[in-house]
Each structure stands twice: as C-alpha cells, then as structure tokens.
Amino acid sequence: MYSVADKYDASEFSLFYPDLLPIVLQQCEVSPAGIHGVDHWARVLENGLILSTQTGADRRIIELFAMFHDSKRMNDGPDLAHGFRGALFAQSLRGRYFELNDKDFHMLFEACRDHTMGHTKANITVQTCWDADRLDLARVGVVPNPKYLCTDAAKVSSLVTWATLRSLDRVMPVTLKKYGWSCPSTRNAQIELVSG
Ligand SMILES: [Fe+2]
Ligand SMILES: [Fe+2]
Numbered sequence: 001m002y003s004v005a006d007k008y009d010a011s012e013f014s015l016f017y018p019d020l021l022p023i024v025l026q027q028c029e030v031s032p033a034g035i036h037g038v039d040h041w042a043r044v045l046e047n048g049l050i051l052s053t054q055t056g057a058d059r060r061i062i063e064l065f066a067m068f069h070d071s072k073r074m075n076d077g078p079d080l081a082h083g084f085r086g087a088l089f090a091q092s093l094r095g096r097y098f099e100l101n102d103k104d105f106h107m108l109f110e111a112c113r114d115h116t117m118g119h120t121k122a123n124i125t126v127q128t129c130w131d132a133d134r135l136d137l138a139r140v141g142v143v144p145n146p147k148y149l150c151t152d153a154a155k156v157s158s159l160v161t162w163a164t165l166r167s168l169d170r171v172m173p174v175t176l177k178k179y180g181w182s183c184p185s186t187r188n189a190q191i192e193l194v195s196g
C-alpha cells in the first residue's frame, strides 16, 4: 500500500516497558481513541525507533515519551500546558513503574514539557522525540516541514512521505500489536484494556 513502507521497519525492536501502557491509560485525560490517543502514541514510538537507528537516541526515553507526552491533554484542542502535565505525570510514576537515573529522566522531562514549543535545539535524544511526534502531524492537517524538524534523519523526504501517509490513515503499527497496543474506540474499550 505504501511504496516506501518497506524501507522503514521497527519490528527488530522490543519494548523496555511492555506493561506500562495500561497504567498510563488508566490516568489518561484525553480519549485514547482521539487524534492525540493511542494510535498517535504508537506511530510516535515507531517513528522514534526508526530515527534512533540513525541518531543513536536512547530508545527507553523514546518509548516513555511516546506514552507520556500527550497523556495529560485535557482535550484535543489547544491545551498549551499538556506537555508539562505529561512530564509531571511521568515524574509521578518514576521509581514505581519505570526507572531512569536523574540525567536520563531530565531528558524525558524536557522532551515532554517542551514538545509543543517548536524548539529544534536540544540533546539528540530529545530532538529525536520531538521529530517522532512532528512526523505524525498530518493527522491534524499539517504536513511536516523539514525546517521545523530537528535531525537530519527526520528530514529525509521518503521518511516524511511514509510517516505522512501513515498519519493520514491513522495506522496502528503492526509491530506494537503484540504488546497489546491497540486503538480503543470508546472509553469502555479503554476500561476493558486496563482491566484485561
Ligand atoms: Fe502534544
Ligand atoms: Fe503528540
């Protein structure tokens, strides 16, 4: 279906925190089926994993960023503080559901807090998180502009095209289904996912 899809494959990666998604969803403020919901998180994660092969970014932080960065949106419209709330939420679960040393947690915190600020300068792992998110903008009607991407890896036109087509179709990456990542269509489905 996607002519460039075969070039980008994250199936070789395994997750560091396969049990964390239901915990995050349990306290999620926004609909997991919405435009900032689970299928977006999944594409951000896969985009980030693919970018990490070029950037060398820390894949633990990419995985955590994917789950936390939009987890505390209050709605699917303007909500400027959601990144900061997502960072604080990650802080509240650190040490109970995942471990990171102070230096690494600072990167996760910055990546979540500032992901909507439009910055392009940061540590390479933080940059990779931001690019992974920005590559999934087509679902809200914005084609990623290389000018606003941070890393050379993300600016490759075939990758931008691939990510854009996936975003438009709101594809749930197949490689994450085996970890229970799915796209609940209702709040009830979310509750089922959490309790099941
Ligand atoms: Fe966001
Ligand atoms: Fe996002």
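The numbering used here puts the first residue of the sequence shown at 1, with every later residue one more than the last. Note that beta-carbon positions come from the ideal geometry of N, C-alpha and C, so glycine has one too.
Rounded to whole angstroms, what is the Cα-Cα separation between residue i and residue j?
i: residue 160; j: residue 152; result: 11 Å
i: residue 145; j: residue 106; result: 27 Å
i: residue 143; j: residue 163; result: 10 Å
i: residue 131; j: residue 28; result: 23 Å
i: residue 104; j: residue 58; result: 9 Å
Please confirm if residue i has its CB atom under 8 Å from at least one CB of chain B.
i: residue 123; result: Chain labels in this structure do not include chain B; a single protein chain is all it has.
Can you give me the Cβ contacts of residue i inside the same chain, cut-off strictly under 6 Å, excluding the 5 residues immediately before and after it?
i: residue 16; result: 60 and 63
i: residue 70; result: 36
i: residue 187; result: Per-residue confidence for residue 187 stands at a pLDDT of 43, beneath the threshold of 50, marking its modelled position as unreliable; the derived number appears in the next sentence. Closer than 6 Å at Cβ, skipping near neighbours: no residue.
i: residue 93; result: none
i: residue 83; result: 112, 113, 115 and 116
i: residue 176; result: 42
Buried or exposed: residue i, going by 16 or more other Cβ atoms within 10 Å of its Cβ?
i: residue 14; result: exposed
i: residue 46; result: buried
i: residue 49; result: buried
i: residue 199; result: For the chain, the structure presents residues 1 to 196; residue 199 sits outside this window and is missing.
i: residue 42; result: buried
i: residue 11; result: exposed
Cutting at 7 Å between CB atoms, please list the residues of its own chain near residue i, excluding the five before and the five after it.
i: residue 136; result: 40, 43, 44, 47, 163 and 167
i: residue 20; result: 67, 97 and 98
i: residue 125; result: 57, 58, 61 and 107
i: residue 154; result: 51, 131 and 135
Checklist entry - Where in the segment 66-104 do unbroken runs of the alpha helix (DSSP H), each at least 4 residues long, occur, reported from the N-terminal end onward? => result 82-93
Checklist entry - Where are the beta strand (DSSP E) runs, 3 residues long or more, that stay fully inside the segment 110-177, in chain order? => result none
Checklist entry - Are the segment 67-81 and the segment 34-46 touching by the rule of at least three beta carbon pairs closer than 8 Å? => result yes
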